[in-house]
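Read in my numbering, the sequence shown has 415 at position 428, and its numbers run on one by one without any break.
Where is the CB? At the ideal position from N, CA and C, for every residue including glycine.
All values derive from a computational prediction rather than experimental measurement.
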Amino acid sequence: MEDIMPVFRYETHLAHPREEVFRWFTRPGALVRLTPSFFGTILAEPSDGINPGSTAAMGVGAPGGLGMWLGSAAGTVRGMLPARLGWARPELRWDALHTELVPNESFTDVMAKGPLASSSHKHSFFDGEPGTTVMLDEMHYELPSPVRGAWTHQRMDAELARMFAFRERQLRGDLAFHAAHSAAGADDGEPLVIAVSGASGLVGRALCALLGGGGHTVLKLVRRAPRSSDEIYWNPEAGHLDTAGLARATVVIHLAGHPIGGRFTESNKEAILQSRVLGTGLLAKSLATLAADGVRRTLVSGSAVGYYGADPKSAAGMSSPPPLVESDPNGTDFLASVCRRWEAECAPAADAGVRVVNVRTGIVLSAGGGVLQRLLPLYLAGVGGPLGSKQWQSWVGIDDIAGIFAHAALSQDVSGPVNGVAPHPVQAAEFARILGKVLHRPAVVKVPALGPQLLLGKQGAAELAMANQRVSAHRIQDSGYEFRHGDLDSALRHILGAPPR
């Protein structure tokens, strides 16, 4: 008789004690860290951790390449729509309910409502070799009767294997990061209170979840009335900030700013500049005022590799220029001037003794947003290809840029500008070739220069889409940061759920 309740099992071996591994699952952010963009999105994090009665909600996309195409296409369109229309997603809602908990041994959640007929997921933890853990995931599921059959069960198991392989890599990486930073940032090794602006953005969501998994308390700066004790009100345009709320934090990570990816109209350029100048200046001046209480504080502020200019070595005629380092001069174009003023606004905090770090971020890769999300629909349809050929693209995976910001926050010996890029930049043609290989799609349809100009305007296309920046990661590596994905192939395979080479 056919088993109507298949069981999917996945075993993970971890080089960390069982209590440490289990504790990670009890902390805020675990579900965010373990949910790949190619699977779906988190609509509501667990209401009470993994305790019985806790609820969570996810949006689950279609399986395989179809789901990735639909999700990336919808995400790209959402980014162009008014905020009131941005909720539309090609996903089905999955409501989860935690039902059982045996501390340090197991916990179970079930699908309370969703696309399957039923689903129960038990996470069990066992001692392995001394100081290690064996984790067993067992998922009992039943497909809806119209699609039940051997082929659909095989497809379901293949998708589950893809997702749990991603979860294993994430868990290994996060536990290793926290072990390396367990006593960083505080003399007594205690977790920190960290305030984050831009917490709802692409990098902010990943960063807050990573910090929460390390046991740190994350306070989110919001522009509306706070709804909970972990929110702090601010309004940079009006010069308003709850300084008393900010005083609770010993680290402030500033990510907020008007999106750069639109057309470079005069009004949009002004919004890009002012959102960074006003927000950074308000935080820096507030931290300078708070310095009178004698508490050591840190400000980690975003910046961008645009600091160096869109094509900093072109005048020298270099086709393979030496990598740009943090001491290289500021460029002269619009984004370079934005970055210069952005970083300069941190001066009041630095002058007051606050440790200041400026992370000059490269091209952030994620299936859930940014450049990669916009490229995926074209590549998956078989019409992807390079934008140019020889210009250097300094990229960084979403987990590594979150890790770089967290490392800068937790490492007292890091200060000043640091490049937030992976150690191996690639040229445009190579980027296209590797992305096509990972997706098993051709990558030969060259994007005409007119395309980016239609979307971004001539200036925006020159400074963003056609930028030629070969940027060094040596300084952040020398500070002790270890990249999860230093080469583009491994980064894309992880982000997109492709099997390793």
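Got a sec? Which residues, its chain only, sit under 8 angstroms from residue i by beta carbon, not counting five neighbours each side?
i, result
"Leu352", "Val358, Leu359, Trp382, Val383, Gly384, Ile385, Ala478, Leu479, Ile482"
"Phe12", "Ile37, Phe94, His110"
"Gly249", "Asn255, Leu443, Gly447"
"Ala99", "Thr42, Asp82, Ala83, Leu84"
"Ile181", "Leu198, His203, Thr204, Val205, Leu206, Ala236, Thr237, Val238, Val239, Ile240, Ala396"
"Arg211", "Tyr220"
"Ser132", "Ala104"
"Glu450", "Phe251, Gly293, Ala297, Asp320, Phe321, Leu322"
Any idea if residue i is buried or exposed, counting beta-carbon neighbours within 10 angstroms, 16 or more meaning buried?
i, result
"Ala145", "exposed"
"Val(-6)", "exposed"
"Lys492", "No answer is possible for residue 492: the residues shown for the chain start at -12 and end at 488."
"Phe153", "buried"
"Arg(-4)", "exposed"
"Asn91", "exposed"
"His165", "buried"
"Asn317", "exposed"
"Gly484", "buried"
"Gly226", "exposed"
"Asp96", "buried"
"Gln399", "exposed"
"Leu208", "buried"
"Ala331", "exposed"
"Pro15", "buried"
"Gly281", "exposed"
"Ala275", "buried"
"Gly403", "exposed"
"Arg488", "exposed"
"Ser273", "buried"
"Ala506", "With the chain covering -12 to 488 only, the question about residue 506 has no answer from this structure."
State the CB to CB distance for the pair residue i and residue j, rounded to an integer number of angstroms; the pair is presumed to be in contact (CB under 8 angstroms).
i, j, result
"Leu374", "Ala415", "6 angstroms"
"Ala44", "Leu30", "4 angstroms"
"Pro102", "Leu84", "Wrong, their Cβ atoms sit about 16 angstroms apart, outside the cutoff."
"Ala460", "Val408", "5 angstroms"
"Gln378", "Ile350", "With 8 angstroms as the limit, Gln378 and Ile350 do not qualify as a contact, their Cβ atoms being about 12 angstroms apart."
"Arg19", "Glu7", "This sequence places Val at residue 19; Arg is not what is there. No, Val19 and Glu7 are not in contact; Cβ-Cβ is about 19 angstroms, not under 8 angstroms."
"Val401", "Ser466", "5 angstroms"
Who are residue i's beta bridge partners in DSSP?
i, result
"Val287", "Ile240, Val344"
"Met122", "Thr(-1), Phe112"
"Ser107", "Val97, His127"
"His85", "Asp96"
"Val(-6)", "His127"
"Ser402", "Its beta-bridge partners do not exist; DSSP assigns none."
"Lys207", "Val183, Glu218"
"Arg80", "Gly46"
"Thr28", "Gly46"
"Leu228", "Trp221"
"Trp382", "Ile350"
"Leu414", "In the sequence as displayed, the identity of residue 414 is Gln instead of Leu. For Gln414, which the question treats as bridged, DSSP gives the partners Trp379."
"Ser34", "Gly36"
"Gly407", "Thr348"
"Val458", "Leu311"
"Gly356", "Ser353"
Excluding five sequence neighbours on each side, which residues of the same chain lie with their C-beta closer than 6 angstroms to the C-beta of residue i?
i, result
"His127", "Met(-8), Val(-6), Ser107"
"Asp229", "Ile219, Tyr220"
"Glu155", "Thr(-1)"
"Gly355", "Ser24"
"Leu194", "Ala389, Phe392"
"Cys326", "Ser290, Ala291, Gly293, Tyr294"
"Ser34", "Ser41, Thr42"
"Ala454", "Ala297"
"Pro223", "Leu265, Gly266, Leu269"
"Arg462", "Glu313, Val405"
"Leu475", "Val413, Ile421"
"Phe9", "Asn91, Phe112"
"Phe418", "Gln380"
"Arg71", "In this predicted model, Arg71 has a pLDDT of only 45, less than 50, meaning its place in the structure is not dependable enough to derive any value."
"Ala258", "His245"
"Phe26", "Met150"
Excluding the 5 residues preceding and the 5 following residue i in the sequence, name in chain order all residues of the same chain whose CB lies nearer than 7 angstroms to its CB.
i, result
"Gly160", "Asp386, Arg471"
"Gly118", "Pro4"
"Pro308", "Lys300, Arg457"
"Gly200", "Trp11, Arg14, Gly16, Ala17, Arg20, Asp161, His165"
"Gln440", "Ala448"
"Glu129", "Ile(-9), Met(-8), Leu103, Ala104, Ser105"
"Pro39", "His85, Thr86, Glu87, Leu88"
Inter-stretch contact at 8 angstroms, needing at least 3 Cβ pairs: the stretch 181 to 201 / the stretch 230 to 249: Counting Cβ pairs under 8 angstroms, three or more are found: they touch.
message: For the stretch 260 to 269 against the stretch 309 to 316, do three or more pairs of beta-carbon atoms, one drawn from each stretch, fall closer than 8 angstroms, so that the two count as touching?
response: No: fewer than three Cβ pairs fall under 8 angstroms.
- prompt: Is the number of C-beta pairs between the stretch 428 to 435 and the stretch 322 to 341 that are closer than 8 angstroms three or more?
  reply: Result no; under three Cβ-Cβ pairs closer than 8 angstroms.
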